[in-house]
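Engineer:
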Amino acid sequence: MYPIIHIKEGKYIMNYFFLFIILFSFTLSSCSNNQIVHEVHLNKSTIAAARNEDWSYTGKTGPKYWSSINNKYALCSNGKQQSPINIDQAIKKLLPLGINYHNDLFKIERSQYTVKFIPVNHSNTINLNGTNYTLLQFHFHTPSEHTINGKQSDLEIHFINENKNKSIITIGVLVDSGRLNKEFQKILNVNPMDEDLGGKIVKINLQSFIPYTSKKFSYTGSFTTPPCTEGIKWIIFNKPIQISEEQIHSYQNYFEPNSRPVQPLNGRDLFESW
5 MYPIIHIKEG KYIMNYFFLF IILFSFTLSS CSNNQIVHEV HLNKSTIAAA RNEDWSYTGK
65 TGPKYWSSIN NKYALCSNGK QQSPINIDQA IKKLLPLGIN YHNDLFKIER SQYTVKFIPV
125 NHSNTINLNG TNYTLLQFHF HTPSEHTING KQSDLEIHFI NENKNKSIIT IGVLVDSGRL
185 NKEFQKILNV NPMDEDLGGK IVKINLQSFI PYTSKKFSYT GSFTTPPCTE GIKWIIFNKP
245 IQISEEQIHS YQNYFEPNSR PVQPLNGRDL FESW
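Residue numbering for the sequence shown is 5 to 278, as defined by the working numbering.
(1) In this structure, how does DSSP classify TYR223 when only helix, strand and coil are distinguished?
(2) Who are PRO268's beta bridge partners in DSSP?
(3) Taking all protein chains shown into account, do 16 or more other C-beta atoms lie within 10 angstroms of the C-beta of TYR137, making it buried, or fewer, making it exposed?
(4) Please state the DSSP three-state secondary structure of GLY63.
(5) In angstroms with no decimal places, state the Cα-to-Cα distance between TYR61 and ASN104.
(6) Helix, strand or coil for SER33 per DSSP?
(7) For ILE175, which of TYR77, PRO261 and PRO215 has the nearest alpha-carbon?
(8) Can you name the start and end residues of the alpha helix (DSSP H) that PHE188 belongs to?
(9) Which one of GLN93, SER72, PRO230 and LEU139 has the shortest CA to CA distance from SER263?
(10) Would you identify the three-state DSSP class for SER115, choosing helix, strand or coil?
(11) Note down, in chain order, each residue of its chain lying with its Cβ closer than 6 angstroms to the Cβ of ASN209, except the 5 sequence neighbours on either side.
(12) Since GLU276 is in the beta strand (DSSP E), which residue starts that stretch and which ends it?
(13) Taking SER212 and ASN185 to be in contact with their CB atoms under 8 angstroms, please state how far apart those CB atoms are, rounded to whole angstroms.
(14) Could you check where the beta strand (DSSP E) with GLU166 kicks off and where it finishes?
(15) Does DSSP put LEU79 in a helix, a strand or coil?
(16) Restricting to runs no shorter than 3 residues, where is the beta strand (DSSP E) found entirely within the stretch 206 to 260?
(17) Thinking SER218 and TRP278 are a contact (beta carbons under 8 angstroms), I'd like their distance in whole angstroms, please.
(18) With a Cβ-Cβ cutoff of 8 angstroms, do GLY154 and ASN90 count as a contact?
(19) Could you spell out the range, first to last residue, of the alpha helix (DSSP H) harbouring SER72?
(20) Using three-state DSSP, classify GLN141 as helix, strand or coil.
(21) Measuring only the C-alpha atoms, how far is PHE275 from GLN85?
(22) Using the DSSP secondary-structure output, state which residues sit across from LYS155 in a beta bridge.
(23) Going by other Cβ atoms of all chains shown within 10 Å of its Cβ, with 16 needed for buried, is ASP158 buried or exposed?
(24) Tell me whether the beta-carbon of SER1 lies closer than 8 angstroms to the beta-carbon of SER87.
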C-alpha cells in the first residue's frame, strides 16, 4: 500500500528527460465528461525509465534495505506492526463494515510503481462501527502483497480510506485469473507515461472490484512502502475477484513487480469476521 496522497514523502517527481515513448498501437476511449484516455502498449522497461525514487523492489534499494536508505524509513525494519502479512489462523469477531463504493469519476495519477486513481468527488465511503471513512485513492500491486495460507494472488487492490481524525483503513482485495472484468479494462486503457496523465479522468464502477462475500480478515499494520507508517487498520477480503488471464498479463507487462514480502505478525491479533 502506498502512502496517502497528502503525505509529502509519498509525492515523487518524475524524470522524463531520458524517456523515449514508443507507441505500438492505440485506441481511444471516451469518458462520460468527454475527456480522453489513450490505450498504449508499453513495456515495463520503458516505464522504469520514468522513475526517480530512492527505493525500489530489487537489489540494494529493495525492501531489505529500505531502512538504510533514509532515516525516515526506519520503521520498515524496526517496526513491530508491519504489512503485508500471511493470513492463516484468526480469531472470529463481528466486523460491522458497510461499503458505499459506486460508479464514479477518478483522476489518474502516475505514482512510483503503479497508477493511483483519486476520486473527483468525495461520495465513495465506508462505515466501520458507526464511523465514516472517505475513499482517498486506490492502486494496485502485482503479485499480491498479502497471502492467505501462503497462497499469493496475481494482483492486489488497495482502497485507502480516511476519517475526519485522519485514521486510515485500507481495504485489500485479491485478484486472480478468471473471467474478463470490463471495469479493469479501463485501467489497462490508461497511458501511464503520458506527461498530462494527471489531467485524465476515467469513470469506474468500484462495485466490480468488491468480492461477493461478507467474510474478511482484519488486523493493525502499516503502509507497505516507505516510510512504512504504522497504525493502519487493514481489512482483507477472504475471496479474490477475477480478471482474465490476458488482463493480468497486460497489467504485468506495464509494471514490474511491486509487492513487499510478508512481515512477521509479532503477536498481533488477526481477526476473521463476517
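Using N, Cα and C, we set each Cβ at its ideal position, and we do this for glycine too. Note that the structure is a prediction, hence the values are computed from the model and not measured.
Structural biologist: Result, derived from the coordinates:
(1) Correct three-state label for TYR223: strand.
(2) The partner list for PRO268 (beta bridge, DSSP) is empty, contrary to what the question assumes.
(3) It is buried - the Cβ of TYR137 has at least 16 other Cβ atoms within 10 Å.
(4) Of the three classes helix, strand and coil, the one that applies to GLY63 here is helix, per DSSP.
(5) Approximately 33 angstroms, taken between the alpha carbons.
(6) Reliability of the predicted coordinates at SER33 is poor, the pLDDT of 39 falling under 50, and the value obtained from them is presented with this limitation in mind. In the structure shown, SER33 sits in a strand (DSSP, three-state: E or B).
(7) Checking every option, the nearest Cα to that of ILE175 belongs to PRO215.
(8) In the DSSP assignment, PHE188 falls within the alpha helix (DSSP H) that extends over 186 to 192.
(9) Answer by Cα proximity: PRO230.
(10) In the structure shown, SER115 sits in a strand (DSSP, three-state: E or B).
(11) So the list reads ASN107 and GLU187, once near-sequence residues are dropped.
(12) Where GLU276 is concerned, the enclosing beta strand (DSSP E) stretches over 275 to 277.
(13) Confirmed, about 6 angstroms.
(14) Segment 159 to 166, the beta strand (DSSP E) holding GLU166.
(15) The three-state reading of DSSP puts LEU79 in helix, counting H, G and I together.
(16) Entirely contained in the stretch 206 to 260, the beta strand (DSSP E) runs reaching 3 residues are, in chain order, 220 to 226, 234 to 241 and 245 to 247.
(17) Correct: roughly 5 angstroms between the Cβ atoms.
(18) Contact: yes.
(19) Element bounds for SER72: 70 to 73.
(20) Three-state result, GLN141: strand.
(21) For PHE275 and GLN85, the distance between alpha carbons rounds to 15 angstroms.
(22) LYS155 is bridged by DSSP to ILE152.
(23) Buried: at least 16 other Cβ atoms inside 10 Å.
(24) Outside the displayed range of the chain (5 to 278) lies residue 1, so it cannot be described from this structure.
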